[in-house]
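Residue numbers (the numbering used here): 1181 to 2007.
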């Protein structure tokens, strides 16, 4: 059986192209207090509801979804899948008691309601998706209880009543950074304590100044959410008390959705996710790793723009890992070691494990599975106004069954056809669209969009954004960003701080990578910004046509945090565009016919010299200008590459990072770093980081490139798929076979030639199937997998057909009922 994916998209696409390398973003702007405007955006409907699109989780060490690899290098061309860090908090019960604390103020009811809705979003979203994902043990066994507390503070800054909580698993604290506006007392000056007792009534912990963000930031073990006013602290109560996770958020202010610089709903939701044991998904301070699902609540990104986020299937998989220790997963009536689920990348980064998920299975707790349909909170000033966070499933596709060919061989009938889901709503066919935007609807002329024009070609998305006035050329950079959003992914164009050329750069907000020079251009004569975003790069990020596109302006602080969104066009929704068939270009280097070896020296053109002021201390934020060196190594034939970095001052510390190949293995010694990339088929990007420079240092960088001649599987085709046989590096799974295309590698599939959504890969009654009838008699059947798109089926009669005319019918069954049929007559 053959799986048919998007015919316009090659299976494996790179995260870079020839001559391109990605410097790291810098943080150089002071925060600017500006109001943000919540702009609503929409996208084309999802392919179907979550239950009709999600195939299944892959638990167990090494049991990666087909097409995924364990390597987290975002420039690895085989790295297509999402990686979530798991196991952050030792949550030890499926009954989760949540206490929400909000200081009294004129808006206390609204503030409490906002925090409560963020928690309710998790409760409803986890239960909804657990049912859609067929994790009934989690849906039925997990329970969340929410208790809200309006905390009264006396004018002298003390609590009017003692604040003691009994055995909570999670405490959500909403502090107020605006310093007592409308409250009468500044919570940051609160002198009282928050007390917690365990399940036996014994004191567990006390927290002085619980509404002071500074007090939390000073506690050892505090985990800050980047530069935003939020974070997590975990206290181990021991005994029956277990852990108490404090999700602290300092972004409550008078006009949510208009003046919350940090998105209070998403900030509370994100920190609460950490308390539920979930880590980041690739764009946090501890990432990146691989493509980032920027719409996920556990991402740092603000996608989708103008909307709050909801729970994803990856979040549920990560949460299920922890809950499996306390619930009956196997259904045998008891909870023991057999129920414990294991993440599919246990080794991870050496310190943390990861759960890896294929993008096709990444869906959201919305009616359609799309992040743009996530239920939204109610910010109304009317008391008791709540959003509905339990989605009501909506089917956006309809089944279509087709018989392609009917042939007879030796009297036996062979039927070949397709089963596929097609959108109920017509898909746009336009390749060019434009929209005008009202003038003077932004806070400044330099952020006022007047119009957007977009065109799609075989190779790129080209767009022109018109503004009232471009940011004037300045040596110190721009505090304005002009952005193009493509299906929720934001591409920011700005002039970087410290950039004396005045030339704009363009960053993919979802990955933090800078795109090639010229991706965006500013025309000061016409006040226009033009974008040229390559479609093969979009496909690398799992962004395919049809696209939803619009322009956005805002005030920003590098790296990828916006302080305010000021204008968007179109205002209500994006421009929906189709695209011509994408140009097929092989960017892989060819396989060598024989083994060769060469060693080359690499230099930055200015002497390979570092001085003490270049020291980055490993974070790159010490000097005002990025002092790392970025070099590129062309790969002409698929090769194994060994890069060696040496320097003449052993008391200094340098680091070497090599991206773009099938992972890397590094060995560090005094004055020397060696990095081996076992399989490179595209140009490599090398970064030399002057972590600690004690005196002038001159370094030498060489690379030995040994071509790979591989046909170890004896299929007559020497290519990257042979990495599956050679086990070369972390990308060994990238080319391993999935014969029946059911998303489970043959290595873990007990029935590798029969597709199924079951965990072991063997067909069950829950699978879809097509059945062949001849003259009303059932003669053959096979399973099909249409959750990720269309599927091709082949059916054959076990015996020859008799003479005369025959009625041939193929029926498509799902959930025990016929959803489509097709009939032909023969003879």
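Beta carbons: idealized from backbone N, C-alpha and C, even for Gly. It should be emphasised that the depicted structure is a prediction, and the values quoted were computed from it without experimental measurement.
Restricting to Cα atoms, I'd like to know which of the options is closest to residue i.
i: residue 1563; options: 1279, 1247, 1928, 1287; result: 1287
i: residue 1659; options: 1808, 1460, 1932, 1624; result: 1624
i: residue 1842; options: 1834, 1860, 1828; result: 1860
i: residue 2005; options: 1781, 1993, 1981, 1992; result: 1981
i: residue 1491; options: 1516, 1538, 1551, 1520; result: 1551
i: residue 1759; options: 1718, 1322, 2000; result: 1718
i: residue 1820; options: 1535, 1886, 1809; result: 1886
i: residue 1520; options: 1529, 1507, 1279, 1530; result: 1507
i: residue 1321; options: 1693, 1590, 1713, 1513; result: 1513
i: residue 1572; options: 1545, 1825, 1832; result: 1545
i: residue 1663; options: 1707, 1266, 1747, 1609; result: 1747
i: residue 1701; options: 1715, 1716, 1962, 1682; result: 1682
i: residue 1923; options: 1530, 1277, 1537, 1989; result: 1537
i: residue 1777; options: 1919, 1888, 1827; result: 1888
i: residue 1853; options: 1864, 1862, 1828, 1840; result: 1828
i: residue 1529; options: 1251, 1393, 1447; result: 1251
i: residue 1266; options: 1532, 1283, 1515; result: 1532
i: residue 1319; options: 1957, 1499, 1698, 1661; result: 1499
i: residue 1262; options: 1282, 1237, 1276; result: 1237
May I ask you to report which of helix, strand or coil DSSP gives residue i?
i: residue 1527; result: coil
i: residue 1373; result: strand
i: residue 1844; result: coil
i: residue 1490; result: coil
i: residue 1339; result: strand
i: residue 1651; result: coil
i: residue 1571; result: coil
i: residue 1400; result: coil
i: residue 1642; result: strand
i: residue 1534; result: strand
i: residue 1456; result: coil
i: residue 1627; result: helix
i: residue 1227; result: Unreliable positioning characterises residue 1227 in this predicted model, as indicated by a pLDDT of 44, which lies under 50. A coordinate reading is not provided.
i: residue 1496; result: helix
i: residue 1477; result: coil
i: residue 2006; result: strand
i: residue 1444; result: helix
i: residue 1543; result: coil
i: residue 1754; result: coil
i: residue 1956; result: coil
i: residue 1808; result: coil
i: residue 1769; result: coil
i: residue 1469; result: coil
i: residue 1849; result: strand
i: residue 1585; result: strand
Residue j and residue i - do their beta-carbons sit closer together than 8 angstroms?
i: residue 1494; j: residue 1313; result: no
i: residue 1300; j: residue 1333; result: no
i: residue 1504; j: residue 1928; result: no
i: residue 1729; j: residue 1813; result: no
i: residue 1635; j: residue 1602; result: no
i: residue 1795; j: residue 1870; result: yes
i: residue 1704; j: residue 1650; result: yes
i: residue 2011; j: residue 1772; result: Residue numbering for the chain in the displayed model covers 1181 to 2007; residue 2011 lies beyond these limits and cannot be assessed.
i: residue 1293; j: residue 1480; result: no
i: residue 1269; j: residue 1425; result: yes
i: residue 1235; j: residue 1999; result: no
i: residue 1673; j: residue 1647; result: no
i: residue 1806; j: residue 1784; result: no
i: residue 1137; j: residue 1422; result: Because residue 1137 is not part of the residues shown, which for the chain are 1181 to 2007, the question remains open.
In the DSSP assignment, what residue or residues form a beta bridge with residue i?
i: residue 1837; result: 1867
i: residue 1777; result: 1886
i: residue 1614; result: 1633
i: residue 1819; result: 1860, 1887
i: residue 1708; result: 1646, 1703
i: residue 1427; result: 1352, 1412
i: residue 1748; result: 1732
i: residue 1872; result: 1833
For residue i, is the beta carbon positioned less than 7 angstroms from some heavy atom of the ligand PLP?
i: residue 1520; result: With respect to the ligand PLP, the structure shown offers nothing to examine, as it has no ligands at all.
Report the residue ranges of all beta strand (DSSP E) runs contained in full by the region 1656 to 1704; include only those spanning at least 3 residues, in chain order. 1660 to 1666, 1669 to 1674, 1685 to 1688, 1700 to 1703
Output the residue ranges of the alpha helix (DSSP H) runs that lie fully inside the region 1234 to 1315 and measure 4 residues or longer, sorted by chain position. 1288 to 1312
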